[in-house]
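So the structure is just underneath, and the comments pick up after that.
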Amino acid sequence: MCTLEELRCKDVINIVNGENLGRVDDLQMDANSATVTALILYGRPRFFGILGPRDNCIIGFRQIRLVGKDAILVELGNPSNCTTCTNASLNQQKYST
1427 MCTLEELRCK DVINIVNGEN LGRVDDLQMD ANSATVTALI LYGRPRFFGI LGPRDNCIIG
1487 FRQIRLVGKD AILVELGNPS NCTTCTNASL NQQKYST
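So for the sequence shown, the working numbering puts the first residue at 1427; every next one is plus one.
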């Protein structure tokens, strides 16, 4: 078992291309079954913030391959596998019931 605080300390790595996607910022849960459905990584600044933030990334539970001691390995074959959303739509998902 792993707590959210422990997950937030782990890098999320795409095993397809070796890209470090960042760290877990939040979890998406199904309230009916009380299960985690996705990891949420908020957009990081591009080029020291000059180009604005990247899109937020929601990584589905089925895309997670391994939660290790120091990293979380995910398989995102192409960019469309990582659901992106803006802050507004993320907030809408977070507060809609």
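All C-beta atoms, glycine included, are put in the ideal place defined by N, C-alpha and C.
Residue(s) in a DSSP beta bridge with Gly-1469: DSSP output for Gly-1469 lists no bridge partner at all.
Could you give the first and the last residue of the continuous beta strand (DSSP E) run that contains Leu-1492? Boundaries of the beta strand (DSSP E) harbouring Leu-1492: 1490-1493, taken from the DSSP string.
Could you pull the start and end residues of the beta strand (DSSP E) that Leu-1433 belongs to? Where Leu-1433 is concerned, there is no enclosing beta strand (DSSP E), although the alpha helix (DSSP H) it sits in stretches over 1430-1434.
Excluding five sequence neighbours on each side, which residues of the same chain lie with their C-beta closer than 7 Å to the C-beta of Phe-1487? These residues qualify, in order along the chain: Val-1462, Thr-1463 and Ala-1464.
Please report the straight-line C-alpha distance between Leu-1492 and Ile-1498, rounded to a whole angstrom. So the two alpha carbons sit approximately 6 Å from each other.
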